[in-house]
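Note that the working numbering gives residue 502 to position 470 of the first sequence, counting from 1, and the numbers run on in steps of one.
We treat Cβ as the ideally placed atom computed from N, Cα and C, and that holds for glycine.
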Amino acid sequence: MKNKSVSELLYKIADLMDVKGEIFFKTRAYRMAAQTIETLDEDIEVLVAKKRLQEIPGIGKAIAKKITEFVETGNLVFYEKLKKEVPEALLLLLDIPGLGPKKVAALYQKLGISTIEQLRVACLQGRLRDLDGFGEITERNILRGISLREKTSGRVLLNVAYDDGLKVVSFLKICSDVIKVSIAGSLRRMKETIGDIDVLASSDSAETVMDFFVGFGDIDRVLLKGSTKTSVVLNDNVQVDLRVVKPESFGAALQYFTGSKEHNVHMRSIAIKQGFKLNEYGLFDKDSEKFVVGKTEKQVYNKLGLDFVDPELRENTGEIEFAKKHTLPKLIKKEDIRGDLHVHSSWSDGSDSISDIVVAAQNKGYSYIGIADHSQSLKVANGLSVDRVKKKIKEINRLNKKFDDITILCGTECDIKSDGSLDYPDSVLKMFDYVYVGVHVPYKVSDTSMTQRIISGMENEHVNFLAHPTCRLIGRRPPFEIDFDQVFDAAKNTGVGLEINSFPDRLDLNDLNIRRALQKKNRFVIGTDSHSIENLDYMRFGVATARRGWLTKSNVINTYSLKELKSILGRG
DNA sequence: GCCGTTTTCGGCCCGACTGTTTTCAGTCG
């Protein structure tokens, strides 16, 4: 699969063309093609070989030719020439807030600036203010933008943004002039990382709400303040944008500000075709400019002949076509989860006793809870020796007699060793209620051997689930470069459920791979990988990721009753 | 650069805010 590298190449070309000053629609065409390929289920190399690229919407003759050259030769002359005109390093400057392609181009052409460090020095020396369109304030803003990016690298993990978002929403609810308030943007779509938090409120007195908002205690500074939009930076360096609209526009605005951008572009083009105009204030008749609907999102979708689209699906990867045909999946909900099977206790590296974990699980309304501690060779995580496994099983049997409305299952997160063998013998594996397998150390292995290692691990007859399949840590460790087709096929053939690990820096599998595996009819399990009782709450992020992967309740094993679960686990 | 039940040419989503201007370009989402 070269899909990822092809899509990255097209994105880069689009950015470079922007700086070069190409017309907007041309660069947009490259971005749309890049996005399509990024989320494509088919292998781009196969499409190239079969000369079927142009069947993909958004890929025409010119882009197809470039993709073919790149896939076949590993090189693209057009791109190499482009890089000579516009240095690739300039793309880093585009990440600085306030700098777009035009300003970056001016900085490069007039002052020869191509790195962040050169830009910082030029700002400090006051050399930008002489350029057309730049001034002293621009220099100060750029310096601020540079230091902000350095501190946060731009994005935060979902759970951080989620907590901040909840706090802001609760604060705004106190304001009596706020009628409705909701999270919007990528946080509402529950993307794995969040650039800034979008919050939407409805009110008849926007100014009052804005004044109230800037009084929020956690604000470090106010970036801009207007009557419809105010942006602030919180003390933890996360940016929050608040928009305020009239109540009759709340639904249209929520749709608009939830995005994604690509979803919205598609929505608006559908509106135009049907004689409407769609913006954040509502759906309007194109000719008379008369307001049609806008109070709720559902009204907007329905008026355009579409079913309501859940926010997690709004990435323009087919959801609008499904909404049109009324065939969108009924997505899994947090309430569907009957238990968590990936929980570590103080028997290995968790911080809480099994008994305390069970009480916490009861409070969540779970009907079962699975304690899956590490296996023996993972010494750093206090992995369980065979002797301690037996003791733990006894302890769980004892606790099961004590708790009568919840069942405790004894599992393990068993290491798949470098040679693909498992860290316990079969005689021990069959003592557990279920077996998770996973790779922990060593993880710097070439892609081909890692694929085989994982597959070998899943082939053991006692194995039920594959933990965090790619082992990525968002922002810290890249995912394994495994052959997903092979791994998903093997999981399907062995009946092993693929985990969606809910830990905010893992979210592994991710949305795209979930959807790929779903098409291969794989089954899934959503686990929190909890190491403390508080971590059990991460289930919401795993469920959100499953929703982004288009999963329904029936795709996920831990939505089943205890009886159904036990039958799937094959242990009576 | 892509696309077509009006079209093979001429469109392509839309509005707010800022900073630099003196009516608007650039950026952002």
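Apart from sequence neighbours up to five positions away, the residues of its chain that approach Arg370 with a beta-carbon distance below 8 Å are Tyr398, Ser399, Tyr400, Asn590, Thr591, Tyr592, Ser593, Leu594, Leu597, ordered along the chain. Unbroken beta strand (DSSP E) runs of no fewer than 3 residues, entirely contained in the region 99–174, are not found. For Tyr466, the enclosing beta strand (DSSP E) has its first and last residue at 466–470. Within the DSSP secondary-structure output, Val421 pairs in no beta bridge.
In the three-state reduction of the DSSP assignment, Tyr398 falls in the coil class. Apart from sequence neighbours up to five positions away, the residues of its chain that approach Leu544 with a beta-carbon distance below 8 Å are Glu70, Thr71, Gly581, ordered along the chain.
Assignment of Ile91 by DSSP, reduced to helix, strand and coil, places it in the coil class.
For Arg275, the uninterrupted beta strand (DSSP E) segment begins and ends at 271–277. Put simply, of Asp50, Tyr62, Phe316, Val391 the residue whose alpha carbon is nearest the alpha carbon of Ile440 is Val391.
Three or more beta-carbon pairs separated by less than 8 Å link the region 556–565 to the region 528–536, which places the two stretches in contact.
Annotation: the continuous alpha helix (DSSP H) that includes Lys205 extends over 190–206.
If you look at Ser214, you'll find it in the beta strand (DSSP E) that goes 212–216. Here Asp250 carries a coil assignment [DSSP, helix/strand/coil]. Put simply, the backbone Cα of Phe102 is about 50 Å away from that of Glu280. Two segments are said to touch when three or more pairs of C-beta atoms, one from each, lie closer than 8 Å; by this definition the region 264–279 touches the region 213–233. Annotation for Leu41: the continuous alpha helix (DSSP H) segment containing it runs 35–52. For the 8 Å CB-CB criterion, Leu454 and Cys442 do not form a contact. In this structure, Arg346 sits near Thr290, with a CB-CB distance shorter than 8 Å. Spatial neighbours of Glu168 in its own chain (CB-CB distance under 8 Å, excluding positions within 5 residues in sequence) are listed in chain order as Gly158, Arg161. In this structure, the CA atom of Arg60 is about 12 Å from the CA atom of Thr68.
Excluding sequence positions up to five before and after Phe166, its CB lies within less than 8 Å of the CB of Lys135, Ala138, Leu160, all in the same chain and listed in chain order. If you draw a 10 Å sphere on the C-beta of Asp317, you find fewer than 16 other C-beta atoms in it, and that means exposed.
The beta carbon of Asn587 lies closer than 6 Å to those of Phe556 in the same chain, with the five residues before and after it left out. Inclusion of Arg572 and Asp342 in the CB contact set at 8 Å is not warranted, their separation being larger than that value. Judged by DSSP secondary structure, Asp228 falls within the beta strand (DSSP E) whose first and last residues are 228–234.
The continuous stretches of beta strand (DSSP E) do not include Leu363, and DSSP gives it neither H nor E. By alpha-carbon distance to Ser320, the top candidate from Glu329, Tyr313, Gly314, Phe308 is Phe308.
Using a C-beta cut-off of 8 Å, the region 349–362 makes contact with the region 290–299, since at least three inter-stretch Cβ pairs fall below that distance. Taking 8 Å as the cut-off, the beta carbon of Val51 is found closer than this to the beta carbon of Pro133.
With contact defined as three or more Cβ pairs closer than 8 Å, the region 236–256 and the region 216–226 are not in contact.
As a beta-bridge residue in DSSP terms, Asn533 pairs with Asp540, Gly559. In the three-state reduction of the DSSP assignment, Thr262 falls in the strand class, which pools E and B. Secondary structure at Ile438: coil, using DSSP grouped into helix, strand and coil. Taking C-beta separations shorter than 7 Å and ignoring five residues to either side along the sequence, the partners of Ala233 in its chain run Leu204, Val210, Lys212, Val213, Val241, Leu274, Val276, following chain order.
In this structure, DSSP gives Ile546 a helical state, which the three-state scheme calls helix. The beta-carbon distance between Thr444 and Asp384, rounded to whole angstroms, is 18 Å. This is too long to meet the 8 Å contact definition.
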